[in-house]
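Visitor:
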Amino acid sequence: MQTSSDRHEYPAHWEADVVLRDGGTARVRPITVDDAERLVSFYEQVSDESKYYRFFAPYPRLSAKDVHRFTHHDFVDRVGLAATIGGEFIATVRYDRIGAGGTPATSPADEAEVAFLVQDAHQGRGVASALLEHIAAVARERGIRRFAAEVLPANNKMIKVFMDAGYTQKRSFEDGVVRLEFDLEPTDRSLAVQYAREHRAEARSVQRLLQPGSVAVVGTGRTPGGVGRSILGNIRDAGYTGRLYAVNRAFPEEQKDLDGVPACRSVRDIDGPVDLAVVTVPAEHVPDVVTECGEHGVQGLVVISAGYADSGPEGRERQRALVRHARTYGMRIIGPNAFGIINTSPDVRLNASLAPEMPRPGRIGLFAQSGAIGIALLSRLHRRGGGVTGHTGVSTFVSSGNRADVSGNDVLQYWYDDPETDVALMYLESIGNPRKFTRLARRTAAAKPLVVVQGARHGGVAPQGHAVRATRLPHATVSALLRQAGVIRVDTITDLVDAGLLLARQPLPAGPRVAILGNSESLGLLTYDACLSEGLRPQPPLDLTTAASADDFHAALARALADDTCDAVVVTAIPTVGEGAAGDAALARALRSAAAAVPTKPVLVVHVELGGLAEALSAATSTAPQAVPRTAAPAGPSAVPQATPDTAAHAAPGPAEEPASGPSGPPRPSGPPRPAAASAPPPSATPAPAPVPAPDGAHLIPAYPAAERAVRALGEAVAYAQWRRDAADPGKVPEYEDIDERGAAQQIAGYLARGQGLALGTEETCELLSRYGVHVHRALPAPTPDDAVAAARTLGHPVALKATAPHLRHRADLGGVRLDLADEEQLRRAYAELTELFGTPAELRPVVQGMAPRGVDTVVRAVIDPAAGAVLSFGLAGAATQLLGDMAHRLIPVTDRDATSLIRSIRTAPLLFGWRGSAPVDAAALEELLLRVSRLVDDHPEVVAVTLEPVVVAPHGLSVLGASVRLAPPPARDDLGPRTLPAY
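Numbering-wise, the working numbering comes out as the position in the sequence shown, counting from 1, plus 37.
#1: Between which two residues does the beta strand (DSSP E) holding A253 run?
#2: Quick one: any contact between the stretch 436–446 and the stretch 404–422, if contact means 3 or more CB pairs under 8 angstroms?
#3: Go through its chain and collect everything with a Cβ distance to D85's Cβ below 8 angstroms, but skip five positions before and after it.
#4: My guess is that R273 and G250 are in contact by the Cβ rule of under 8 angstroms, so how many angstroms apart are they, rounded?
#5: If you follow the alpha helix (DSSP H) that E170 is in, where does it begin and where does it stop?
#6: With distance defined between alpha-carbon atoms, name the residue in A956, G61, V113 and Y345 nearest to I68.
#7: Between the Cα of V175 and those of H812, V116 and S807, spot the shortest distance and give me the residue it belongs to.
#8: Can we say the stretch 957–970 touches the stretch 788–800, given the rule of at least three CB pairs closer than 8 angstroms?
#9: By alpha-carbon positions, which one of V989, T365, V151 and D201 ends up nearest to G123?
#10: Expressed to the nearest angstrom, what Euclidean distance is found between the alpha-carbon atoms of Y565 and P577?
#11: To the nearest angstrom, how far is the alpha carbon of F153 from that of L967?
#12: Return no unless some Cβ of chain D is closer than 7 angstroms to the Cβ of S910.
#13: From what residue to what residue does the beta strand (DSSP E) around D207 run?
#14: Comparing C-alpha positions only, which one of T984, E862, K839 and Y868 sits nearest to F911?
#15: Alpha carbon to alpha carbon, what distance is there between A238 and L57?
#16: Any idea if S390 is buried or exposed, counting beta-carbon neighbours within 10 angstroms, 16 or more meaning buried?
#17: Counting pairs of beta carbons, one from the stretch 965–979 and one from the stretch 918–934, are three or more of them closer than 8 angstroms?
#18: Please list the segments of the alpha helix (DSSP H) lying wholly inside the stretch 886–933, counting only runs of 4 or more residues, in order along the chain.
#19: Using a Cβ-Cβ cut-off of 7 angstroms (strictly less than) and excluding sequence neighbours within five positions of R882, which residues of its own chain qualify?
#20: By DSSP's criteria, F93 is part of a beta bridge. Which residues make up the other side?
#21: Would T945 pass as a contact of E964 if the rule is Cβ separation under 7 angstroms?
#22: A541 lies in the alpha helix (DSSP H); which residues open and close that run?
#23: Give, in chain order, every unbroken run of the beta strand (DSSP E) that is at least 3 residues long and sits entirely within the stretch 280–364.
#24: For V323 versus S342, is the C-beta spacing smaller than 7 angstroms?
#25: On the criterion of 16 or more Cβ atoms from any shown chain inside 10 Å, does K769 qualify as buried, or is it exposed?
#26: Give me whichever residues DSSP pairs with T129 in a beta bridge.
#27: For N285, does the count of other Cβ atoms within 10 angstroms reach 16, so buried, or fall short, so exposed?
#28: Excluding the five sequence neighbours on either side, which residues of its own chain have a C-beta within less than 6 angstroms of the C-beta of Y80, listed in chain order?
#29: For P771, I'd like the list of residues in its chain whose CB is within less than 7 angstroms of its CB, leaving aside the five on either flank, ordered along the chain.
#30: Go ahead and pull the three-state DSSP assignment for H844.
#31: With 16 as the cutoff for other CB atoms within 10 Å, does A786 come out buried or exposed?
#32: By the 10 Å Cβ neighbour count, where 16 or more other Cβ atoms means buried, how is R779 classified, buried or exposed?
#33: Candidates L594, A599 and E148: which alpha carbon is nearest A625's?
#34: Less than 7 angstroms separating the beta-carbons of H591 and A622?
#35: Mapping DSSP to helix, strand and coil, what is K769?
#36: Quick check: Q248 and V385, are their CB atoms within less than 7 angstroms of each other?
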């Protein structure tokens, strides 16, 4: 650490873990006097060419003076950072503050010279780019606004690092050296570059976990049973295409294989590289395994072991140590307490999980923070077979467990680029970085659907294993912000799968107009009612009668799809007596044939116990179920439950297709078969014919057992399609010439100089808001009746008399407001009534305010949440907001399109637009007010809360009758700093 002669203490907050371009990790930290030996060792491993580029001359070794200079820093004017892996340097960067003419200087000089050196073996991994982001952030913190660098013309790699960073820069050539100067203030381009690099690095880090060339399962038991032995068998039985190893330190020296898999006592004994280690040993032995893996060059870990943050404070410390330990070696972790990972790609076929069977290959990506929910998701997709889910399968599955390192954000980065994934389904119990999740979700949703269900919505506490930043926002607000980002938010696992299957199989609807046809009038009416409940526009159901044939369905569906007034079709079908599975297959062919003729409109089927029909509808050569041979290997650990009645209830009725247990249960033991379900055909019935494959490229038609579920999924698809259309033109943040941004900044700085956080007084609030064109109706205090009369004379009659005590503010229903007081007599009488009813003037805090034009009372709020960021909210004042929670929310900065949609998003919006013959309000004035408040909070993050209540919106103009503003030092913005992994 630094000696006492140094000017500043060691800046521990500069330490950070970063993901590099190839998906590995490195640690960035300040260089100290203790690093002399590491620096010398690092320099000895750098090539002569790289040394020449750094010092512009042959420089074979560092002198003692050099070592002293490069390890002694004051952390203000001289700063050095190192990127380390395994505790050893792989790259360094330093800056020295300079003044005019390039001479050494101290603050307030705001320019510094910067220089890099990257070990040759690590060049091309994006190390220099990551170090530049971090040294630039350090420099800004220390008051440096500009970097200068001198580079030899032949050093193209370093010139490219500077040029590609996105900063505003100047370039010159003098005395055979390229001189680069660039401002350190982040720009839109520099942030875009940073996000693009972050995306490539994090996506690659997950790809290395999901597409390993070799896997070692550490902790495979010598006897059958146990977690490790089960996972080893699952990987082997899935047909994993890479190299597989079993590792257990208790293996005898002479043992060379286990269940046909090469066996080793240690990862170090494996002859060849290992890309992924699945760790199943007890928690107390995991550190030794991590060390072995790190020293062997393992790229990533899936830690199944429990006993970490899921077990309390001691386990949380153990989890922190695990993450720090793994990152020391550049490894990323899924888990601990994870269920595992799955990749069904034919090039990989990896089932490194506790699921005994490999899911069917498909186009859906699954992410679950909970192992139990992961089991349920896989079980639903597998066990419901030809039912709702059909044969649409999984591309990749990740169960993150305690989510100590790899999170949903990382997996989103991977799915965005993954050509094998068309739809992303996520079960989240906590969101560690909501700002980043919202940004990534918006980008992902613009390319492919993202469906999310949140657990622990109402508890307000994250699961014990999750360490996340707390949010003060209610769940409804978080949900609204996710929807704004294009996330399809659903409430249950059933809805998650229903929506995902529709989006994976069918095109997006062009609008909300729905045609309904089928052979059951009652089922058609239920579907019609469900459409109305979901805000869709259904056409009257077409009843084909129970005598309808497959040809009748084909003709009716073809007509509906050809109708320009129809955007989607729901087909309802009930069993046809006597036709059985053959009739199901014929109907499926008819529907698929008609749908294929118009592939731009979605088709859904609501069926009643027609397993054969659902299987036929969803069958296709590319996703047909494959027979998976069952082995005699024992089942997984007892933590994996048997199928529940709920999952069994949704299983396909066809016994020939139905396994005894899905991925959530062990294989069925040998013995007599279970009795058939009541809806299944008797054993003597004719075997069902194989489902007819759909033509290559044809859309699979999803089938649902209930009208409400089908329509709910369709409603989500309609809303998502509309979001996609709107996202193509997100609008703009308008400029207003009358905004005094500089004056507001000076005023805020003056107020904050008085304290760390404060609520502004009435006059201060009005003055600050007026700088952004928000004018509050003047209210004058009236501590006595005579003061009230004097205030009325100043403002002019008619006036309002209001009690502003906290328990009466904004509570006109309690009688604390008197309106339209036309003269002195009425004012004095009203004053007497208020004091008689509610107490003394000191208790009431009465004010007099000029009357505003009549209109609709609304409320506008803005708040900066430490986790989610700045949020703008709007609703009607009074019971609609306070009792019903009818508020709409948008992330700041708000665009003009956001403002337009915001005021129309509340359920009581009709009151603003002429409900029951009333005059519509001035929506344009209301939208402008919202945009001005958004600008204020966005320009000045010290404004942590704004409330305008009430805002009376009249047919022409509006009046802000009450306002409050709270200031505080702005929360840290981790989304604007350099790329880092969450700290541990």
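Just so you know, even glycine gets a beta-carbon here, dropped at the ideal spot from N, CA and C.
Guide: Judging by the given coordinates:
#1: S251 to V255
#2: yes
#3: P95 and P97
#4: With 8 angstroms as the limit, R273 and G250 do not qualify as a contact, their Cβ atoms being about 16 angstroms apart.
#5: V164 to E178
#6: V113
#7: V116
#8: no
#9: T365
#10: 7 angstroms
#11: 47 angstroms
#12: Annotation note: the requested chain D is absent from the structure, which comprises a single protein chain.
#13: Looking at the sequence provided, one finds Lys at residue 207 rather than Asp. It spans Q206 to E211 - the beta strand (DSSP E) in which K207 sits, taken as one unbroken run.
#14: T984
#15: 5 angstroms
#16: buried
#17: yes
#18: 916–919
#19: A840, T841 and A842
#20: Answer by DSSP bridge pairing: none, since F93 is not bridged.
#21: no
#22: I530 to R542
#23: 280–284, 298–301, 313–316 and 337–340
#24: yes
#25: exposed
#26: A119 and L154
#27: buried
#28: L99
#29: D933 and L968
#30: coil
#31: exposed
#32: exposed
#33: L594
#34: no
#35: coil
#36: yes
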